[in-house]
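Reviewing the structure listed below.
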Amino acid sequence: MLPFKIIATGKALPTQQVWSTQLDEKLGLPRGYTAKKSGVDCRYFADDALLQSALGAEALRDACQRQDIDPASIDLLLCANGVPEQALPSTASRVLACSELRAGIAAFDVNASCVSFITALHQAACLLQAGAYRRIAIVSTEIASRGIDWADHETALIFGDGAAAVIVEAGAAGQGCAAYRLAVHPAGVTHCEIRAGGTRRNPVVGMTVSDHHFKMAGKRVFKLATQLMPEFLAELLAPLGLTAAQIDVVVPHQASHLSLHHVRARLGFSTAQVVDIYAHHGNQVAASIPTALHEAVQQGRLGPGQTVLLLGTAAGFGMAGMVLRT
């Protein structure tokens, strides 16, 4: 057990709300096609002027204000993103520059694609347990709309932009991370990609506009998830003697309407257990899980003494899960 407690959550969305009917019109599609194909009614897109770091700082500000937390009390900032604002410096340093947090505190990025938040939360729990820090802010901020290939309807219609923040500190015994697991299966390493942005595709070795777009072999990803996730979940829950029915709240990655159906139908969770914000946010990459967690908190679903499961899949092909005791 890694004891910690969540003391605040917050979120931020761009001001531009985009309905699926608007995308139908933009892309010359029949009315209702986007909503039916994607399962998303509306999502939010950043305008060209909005910085990913500024959106993350807004989510952090929201978390602090909701619980009257002094930003100066935070001594570590973790940025948990699938895609950074730029190659260098870290997105954490840029969020820090936009925030009211103190200059000189520790700040670094944690990148495990769509499950970056779960991984960062585990990092935070370990650091709190070690006594290295007293209060840690985790920020996930994503502007997925800037990597969309509009010719690829399988991926273009599902994404939305947004940011979320969670602030944690040491908790009482029996409260916090009861179990954590991260597994990566490189058989799926090419199934989800943005090839540019690093050393593989760049102006020196050559690149195209397409290299900057998100590419996904959706059927291959879904097949891997279907094959691997049941065993992964069983191995996460088994040491605790838990079954799916004993989980009070499930906060999954909001990957797609099909993935959320899989969580319910294949993994044995009921609709009442699962936090589903996908229809009004879309897939927000690494910001999906903390945004869904924030919504669950706002709805009063995370009361004392509950068992909460954070669960998701990621490019790589990765899977992560954490069992929380509130």
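In the working numbering, the protein residues as written are 623 to 948.
Backbone N, C-alpha and C define an ideal beta-carbon position, used for all residues, glycine too.
It should be emphasised that the depicted structure is a prediction, and the values quoted were computed from it without experimental measurement.
Quick check on residue 979: does DSSP put it in helix, strand or coil?
Any property of residue 979 remains undetermined from this structure, which presents the chain solely from 623 to 948.
Helix, strand or coil for residue 639, going by three-state DSSP, please let me know.
Strand, per DSSP.
Look at the Cβ atom of residue 943, then the Cβ atom of residue 844, and state whether they are nearer than 8 Å.
It is not a contact, given that the beta carbons lie outside the stated cut-off.
Which same chain residues end up closer than 7 Å to residue 653 when comparing Cβ atoms and leaving out the 5 residues on each side of it in sequence?
If we look at residue 653 and ignore the five residues flanking it on each side, its Cβ neighbours are 643, 646.
Please determine, among 670, 665, 738, the residue with the shortest C-alpha to C-alpha distance to residue 701.
Nearest option by C-alpha distance: 738.
For residue 631 and residue 915, which I take to be in contact (beta-carbon distance under 8 Å), what is that distance rounded to the nearest angstrom?
6 Å between Cβ atoms; contact.
Give me whichever residues DSSP pairs with residue 935 in a beta bridge.
941, per the DSSP bridge assignment.
Check whether the region 916 to 924 touches the region 875 to 893, counting contact only when three or more Cβ pairs, one atom from each stretch, lie closer than 8 Å.
Contact between the region 916 to 924 and the region 875 to 893 is absent, because fewer than three Cβ pairs lie under 8 Å.
Measure how close the beta-carbons of residue 906 and residue 782 come, nearest whole angstrom, since I'm counting them as under 8 Å.
The Cβ separation is near 5 Å, so the contact holds.
Going straight from the alpha carbon of residue 696 to that of residue 636, what length do you get?
In a straight line, the C-alpha of residue 696 is about 25 Å away from that of residue 636.
Comparing C-alpha positions only, which one of 903, 930, 634 sits nearest to residue 688?
Per the Cα distances, 634.
Below 8 Å CB to CB, which residues in the same chain sit around residue 709 once its five sequence neighbours on both sides are set aside?
These residues qualify, in order along the chain: 819, 820.
Can you confirm whether the region 708 to 722 touches the region 676 to 683 when touching is taken to mean that 3 or more C-beta pairs between the two stretches lie within less than 8 Å?
The answer is yes - the region 708 to 722 touches the region 676 to 683, with three or more Cβ pairs under 8 Å.
From the DSSP output, in three-state form, read off residue 851 for me.
Helix.
With distances taken from CA atoms, which of 817, 666, 839, 840 is nearest residue 829?
Nearest option by C-alpha distance: 817.
When you compare only the Cα positions, how much space is there between residue 935 and residue 757?
Roughly 28 Å separates the two Cα atoms.
Buried or exposed for residue 898, please, with buried defined as at least 16 other CB atoms from any protein chain shown within 10 angstroms of its CB.
Its Cβ being crowded by 16 or more others within 10 Å, residue 898 is buried.
Look up residue 789 in the DSSP assignment and give the residues it is bridged to.
According to DSSP, which records beta bridges pairwise, residue 789 is partnered with 630, 759.
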